[in-house]
Each structure stands twice: as C-alpha cells, then as structure tokens.
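Colleague:
Numbering (our numbering), first residue to last: 62 to 255.
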C-alpha cells in the first residue's frame, strides 16, 4: 500500500512540475505544491496585462515615455485621492501611464451655467421685463391681467405676480377673478314667450 501512495505522489509531482511533459495546468492552478522555475517572478492580475508587457519586451509596442512634472503632480493628486498610500507605493510609476501620446486625456469644455426658470426670468426681453419688475418690486404691486377667448374678453384677474415664463404663463398669489358671462343668444325669445 505504501508503494501505491509513493507512486501517486511522484506522478502528482510530475503533473505539478512546469518543466515536465506530464504537466497538468488545471491541477497546478488548484494546488499549493507547485514549484515555479523562477520563484521571484512577478504575478500579473490578468492575461491582458501579461500580454501587454510581453509585447513591450518583444518590441511590438512602443516604450512608455516619461511625463512632465506638472502632469505627474496632477496625476499623483488624482491617484492618492481614491487610494491609500500603501497601494500606490506597490505599483511602479510606469504602470500608471498606459496610454500612447495620442490617447492622452483631453481637457473638457467649461460647463455652461444651468439655466432654469428663475435665471430666465432675470434675463427677460423687454415685453416680459415689465412682468419681472412687477414680480421683483418691493412692496409688491398688484397687477390686472385680462383673459381672452376666441370671441372676446373672457374675464380679468387681479393679484401679485410670483413667476412667469416666455409663453406668458403666470403664477400669481392673492388672486381675485372676475368672470364675464355672456347672456345666451335666445334668452330674450325664451323669456318673452312665457
């Protein structure tokens, strides 16, 4: 029985030996007894990182160019903002700049100030400027607004303007509404016949 165990351990050693013809990669991934040919080899995070460094060593990719002091200072501020010092000290400087010169970051355009109803009210054109003056005056002034329908005057509102927009929509406070009601056309005929 001991011979069988000894044979299985020697065969497993061959399957875990990287230089052996019986090397089993899947078994080596899950085993703790793997003997690496170069114990001081740097482990990579993924295959893409390994391929990129291997291509650079073979000369297929251009070498990384050192960056200027201004860029280094701004880049180090960005790097230390979200990470701890121990993480940044472990990774070499060449690892941070992985872009070619034509792939570098481009300065964005300054963002335009947000425009909302209140900012548009302040920059109202001349006809609406009168409404802005009424809304902003202190003490507030009472405004009369005449409403119309397709046939004529519909009514009137009296109150204080709070907000308005370019379509003449008004938000008013303390409003008194007077509604004009027209008499029906045949009202005279209706009451005369009785």
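C-beta: ideal position from N, C-alpha, C; glycine also.
Please read these numbers as outputs of a predicted model, since none were measured by experiment.
#1: Which first and last residues belong to the alpha helix (DSSP H) in which residue 181 is found?
#2: Under DSSP, the beta strand (DSSP E) around residue 234 begins and ends at which residues?
#3: In terms of DSSP beta bridges, what is residue 204 paired with?
#4: Exposed or buried, residue 87, counting other C-beta atoms within 10 Å across all chains shown (16 or more means buried)?
#5: What residue range is occupied by the uninterrupted alpha helix (DSSP H) comprising residue 112?
#6: By how many angstroms is the C-alpha of residue 172 removed from the C-alpha of residue 115?
#7: Can we say the segment 218 to 236 touches the segment 190 to 202, given the rule of at least three CB pairs closer than 8 angstroms?
#8: Nearest-angstrom Cα distance between residue 96 and residue 84?
Modeller: To lay it out plainly:
#1: Here the question's residue 181 lines up with position 120 in the chain shown. Taken as a continuous stretch (DSSP letters only), the alpha helix (DSSP H) holding residue 181 covers 178 to 183.
#2: Numbered from 1 along the chain shown, position 173 holds the residue referred to as residue 234. Residues 231 to 240.
#3: Along the chain shown, read from residue 1 onward, the residue named residue 204 stands at position 143. Beta-bridge pairing links residue 204 to 220.
#4: What you label residue 87 is simply residue 26 of the chain shown in a count that begins at 1. Residue 87 comes out exposed.
#5: Walking along the chain shown from the start, residue 112 turns up at place 51. It spans 108 to 119 - the alpha helix (DSSP H) in which residue 112 sits, taken as one unbroken run.
#6: Taking the first residue of the chain shown as 1, we reach residue 115 at position 54. Taking the first residue of the chain shown as 1, we reach residue 172 at position 111. The straight-line gap from Cα to Cα measures roughly 42 angstroms.
#7: Contact check between the segment 218 to 236 and the segment 190 to 202: three or more CB pairs, one atom from each, fall below 8 angstroms, which counts as touching.
#8: Position 35 of the chain shown holds residue 96. Position 23 of the chain shown holds residue 84. About 11 angstroms.
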